[in-house]
Amino acid sequence: MKPVAVLRGIALLALVWLAGCAGMPERLPSGASREQVIERLGPPSAEYALADGSRLLYSRQPLGRQVYNVDFGPDGRLRRVVQVLDTNWMLQHVAIDRWTRDDVLRHLGRPALVERVARFDGDIWTYRYLENNNERLAHVHIDRAGVVRKLLFLDEFTPPSDRS
1 MKPVAVLRGI ALLALVWLAG CAGMPERLPS GASREQVIER LGPPSAEYAL
51 ADGSRLLYSR QPLGRQVYNV DFGPDGRLRR VVQVLDTNWM LQHVAIDRWT
101 RDDVLRHLGR PALVERVARF DGDIWTYRYL ENNNERLAHV HIDRAGVVRK
151 LLFLDEFTPP SDRS
């Protein structure tokens, strides 16, 4: 193989790698403006006003396994980026019997799946996520009044023939 072809291949791989990094919310510089974030990540899945600023929510659901809350202060500068599809985060923040459907949307975004079952009078919103490279599901049970009543975590079933 010619050295020029090898160098072109390396350059192409580097560009692909850098392009992938550009879409990683956790690599945003602190203090970035809202416009800089949107330029780097593209349009958000949702936007929310917060008591002390605003939020751009970037969801990779239904097929992806991350939801990023990109929060800005009143000055319009980036304060924090949090990947919220995490068992510990959800256990610490999702307030059973207090959070509403709107709270779930504002923090977790739209679910990958909405289901109903006979033993619960309401909707079950399912989010796909990774925990230590294990595919997991978070099920948020929201009753007919729109209140979160239960939070359940399960491993996602993978048929044996699909395992590597």
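All the letters of the sequence shown, read from the start, carry residue numbers 1 to 164 under the working numbering. Virtual Cβ for every residue (Gly too), placed ideally from N, Cα, C.
At a Cβ-Cβ threshold of 9 angstroms, arginine 101 and valine 67 do not count as neighbours. Here DSSP, grouped into helix, strand and coil, assigns glutamine 61 to coil. For leucine 154, the enclosing beta strand (DSSP E) stretches over residues 148 to 155.
Contact check for arginine 128 against leucine 78 fails: the beta carbons are separated by 9 angstroms or more.
When secondary structure is reduced to three states using DSSP, isoleucine 142 falls in the strand class. Residue Leu151 holds the alpha-carbon nearest to the alpha-carbon of tryptophan 99 among Glu35, Asp155, Leu151. For glutamine 66, the three-state secondary structure derived from DSSP is coil. Shown here for arginine 106: same chain residues with a beta carbon closer than 6 angstroms to its own, the five before and five after excluded, namely Tyr48 in chain order.
In this structure, glutamate 115 places its C-beta atom within 9 angstroms of the C-beta atom of threonine 126.
Nearest to glycine 76 by alpha-carbon distance, out of His141, Ala32, Pro159, Gln61, is Ala32.
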